[in-house]
Amino acid sequence: MDLPPPAAYSAENRGFKEDVAVKFLSALFSMSLLAALNSGCTTVVIDEYRRSAGELAVGDSVVILGRRHSSEYETEPDLIDCVGQTLHNPKSGVNVIPEQQFVDALYPWFEPRTAPMHIKSLSKLMDIPDVRDRMERYGIKYIVWIDGNTETTSSAGSIGCSIGTAGAGCFGFGTWDKESDYEASVWDFRDQELSGKISADAQGTSYMPAIVVPIPLIARVQNNACKGMAAQLQEFLLPPQSASR
């Protein structure tokens, strides 16, 4: 068998090394771009309207519920879970009842079609002995209704991918903007009054640069809105001396 001359091996080896170098530099550039864009992608604005001071005491509980009566959208269950889990902190005096557990226990009075829309409707529920007993068993002090959603508001750019003899790769750049808009109404169940409202407005831009390999840089818009609202709720629900600990 005739072997190709050493020069052929050398040229092929150089081509392979150049290809590896190009991919390595491309990956390095992508990682640098990731580090540059990964900060400052999301802004969160929290507003509060308070009618009364927090009165959460030992043995009291809070339930976080999502509004899902609208035909256009529903408040995402994962947002409600996020706020509840972030807010839940028994050591600080905040005990949160999981949404689904509460809805199942109070079935059917807190289903989307039958849930009370106004604070005045609570008095009618309290006339039902079964409802009153279960609420007292849970130690419910506050019912927090969260209404809103997260949506993509705009997008731009494009990414193309191809497969060739040298391998597969993608090239391009895409961006998309998301906005979260939520409002929490805090009902004092025992006093049957509106304690106040908290709104969270978060905006962020996600990026996807593609140089050989697409790298998504996701702005955690909904998650940041969740954390901001949970932190504000803790200050809202607890008495001043407890919230400052």
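Residues 20 to 264 (this note's numbering) make up the sequence shown, in order.
Glycine residues also receive a C-beta, built at the ideal position from the N, C-alpha and C atoms.
Keep in mind it's a predicted model, so treat the numbers as computed, not measured.
Taking the beta carbon of residue 219 as the centre, do at least 16 other beta carbons fall within 10 Å, making it buried, or is it exposed? What you label residue 219 is simply residue 200 of the sequence shown in a count that begins at 1. So residue 219 counts as buried.
Helix or strand or just coil, what does DSSP make of residue 194? By 1-based counting over the sequence shown, the position of residue 194 is 175. Three-state DSSP puts residue 194 in a strand.
Burial state of residue 101, where buried means 16 or more other Cβ atoms lie within 10 Å: Residue 101 sits at position 82 when you count from the first residue of the sequence shown. That one is buried.
Of the listed residues 130, 94, 156, 68, nearest to residue 79 (C-alpha basis): The residue given as residue 79 occupies position 60 in the sequence shown. The shortest C-alpha separation from residue 79 is found at 156.
Note down the Cα distance separating residue 251 from residue 162, rounded to an integer number of angstroms. Counting from 1 along the sequence shown, the entry for residue 251 is found at position 232. Counting from 1 along the sequence shown, the entry for residue 162 is found at position 143. Near 15 Å, if we compare the C-alpha coordinates of residue 162 and residue 251.
Using only alpha-carbon positions, find the residue among 124, 236, 140 that is nearest to residue 61. Position 42 of the sequence shown holds residue 61. Ranking the options by Cα distance to residue 61, first place goes to 236.
Where residue 139 falls, given that 16 or more other Cβ within 10 Å makes a residue buried: Here the question's residue 139 lines up with position 120 in the sequence shown. The residue in question, residue 139, is exposed, as its Cβ has fewer than 16 Cβ neighbours within 10 Å.
Considering only the alpha carbon of each residue, which of 164, 221, 184 lies closest to residue 215? Numbered from 1 along the sequence shown, position 196 holds the residue referred to as residue 215. For residue 215, the nearest C-alpha among the options comes from 164.
For residue 104 and residue 200, I'd like the C-alpha separation in whole angstroms. Numbered from its first residue, the sequence shown carries residue 104 at position 85. Numbered from its first residue, the sequence shown carries residue 200 at position 181. Going from the Cα of residue 104 to the Cα of residue 200 covers about 19 Å.
Find the nearest neighbour of residue 90 within the set 167, 106, 150, 99, judged by alpha-carbon distance. Residue 90 sits at position 71 when you count from the first residue of the sequence shown. Among 167, 106, 150, 99, the Cα nearest to that of residue 90 belongs to 167.
Ignore the nearest five residues each way along the sequence and tell me which others in residue 177's own chain have a CB closer than 6 Å to its CB. Here residue 177 refers to the residue found at position 158 of the sequence shown. Only 191 meet the Cβ criterion.
Report the rounded CA-to-CA distance for residue 239 versus residue 224, giving the unit in angstroms. For the purposes of this step, residue 239 is taken as residue 220 along the sequence shown, with counting starting at 1. For the purposes of this step, residue 224 is taken as residue 205 along the sequence shown, with counting starting at 1. Between residue 239 and residue 224, the C-alpha separation is close to 9 Å.
Apart from the five residues on each side of it in sequence, which residues of its chain come closer than 6 Å, Cβ to Cβ, to residue 247? One-based indexing of the sequence shown puts residue 247 at position 228. Once the five neighbours on either side are set aside, the close Cβ partners of residue 247 are 63, 65, 219.
With a CB to CB cut of under 6 Å and the five nearest residues on each side skipped, what residues in its chain are close to residue 133? Here residue 133 is taken as the residue at index 114 of the sequence shown, counted from 1. So the list reads 127, once near-sequence residues are dropped.
Can you find the residues in the same chain that come closer than 6 Å, C-beta to C-beta, to residue 96, ignoring five residues on each side of it along the sequence? Taking the sequence shown and counting its residues from 1, the one referred to as residue 96 is at position 77. Same-chain partners within the cutoff: there are none.
Excluding the five sequence neighbours on either side, which residues of its own chain have a C-beta within less than 7 Å of the C-beta of residue 153, listed in chain order? Your numbering for residue 153 matches position 134 in the sequence shown. Same-chain partners within the cutoff: 124, 125.
Let me know the secondary structure DSSP gives residue 157 once reduced to three states. Taking the sequence shown and counting its residues from 1, one reaches residue 157 at position 138. Three-state result, residue 157: helix.
In whole angstroms, what separates the C-alpha of residue 228 from that of residue 196? Here residue 228 refers to the residue found at position 209 when the sequence shown is read from its first residue. Here residue 196 refers to the residue found at position 177 when the sequence shown is read from its first residue. Roughly 15 Å between the two C-alpha positions.
Determine, using beta carbons only, whether residue 241 and residue 221 come nearer to each other than 9 Å. Walking along the sequence shown from the start, residue 241 turns up at place 222. Walking along the sequence shown from the start, residue 221 turns up at place 202. A contact, by the Cβ cut-off of 9 Å.
So what's residue 235 in DSSP terms, helix, strand or just coil? Taking the first residue of the sequence shown as position 1, residue 235 is located at position 216. In this structure, residue 235 counts as coil in the three-state DSSP scheme.
First and last residue of the alpha helix (DSSP H) that includes residue 240? In the sequence shown, counting from the first residue as 1, residue 240 sits at position 221. First-last of the alpha helix (DSSP H) with residue 240: 240 to 256.
Count the other CB atoms within 10 Å of the CB of residue 180; is the residue buried (16 or more) or exposed (fewer)? Here residue 180 corresponds to residue number 161 of the sequence shown, with the count starting at 1. So residue 180 ends up on the exposed side.
Which class does residue 99 belong to by DSSP, given the choice of helix, strand or coil? For the purposes of this step, residue 99 is identified with residue 80 of the sequence shown, where counting begins at 1. Note: residue 99 maps to helix in three-state DSSP.
Would you call residue 118 buried or exposed, if buried means 16 or more other Cβ atoms sit within 10 Å of its Cβ? For this step, residue 118 is matched to residue 99 along the sequence shown. Its Cβ being crowded by 16 or more others within 10 Å, residue 118 is buried.
If you compare alpha carbons, which of 207, 245, 233 is closest to residue 76? In the sequence shown, residue 76 corresponds to position 57, counting from 1. Nearest C-alpha to residue 76: 207.
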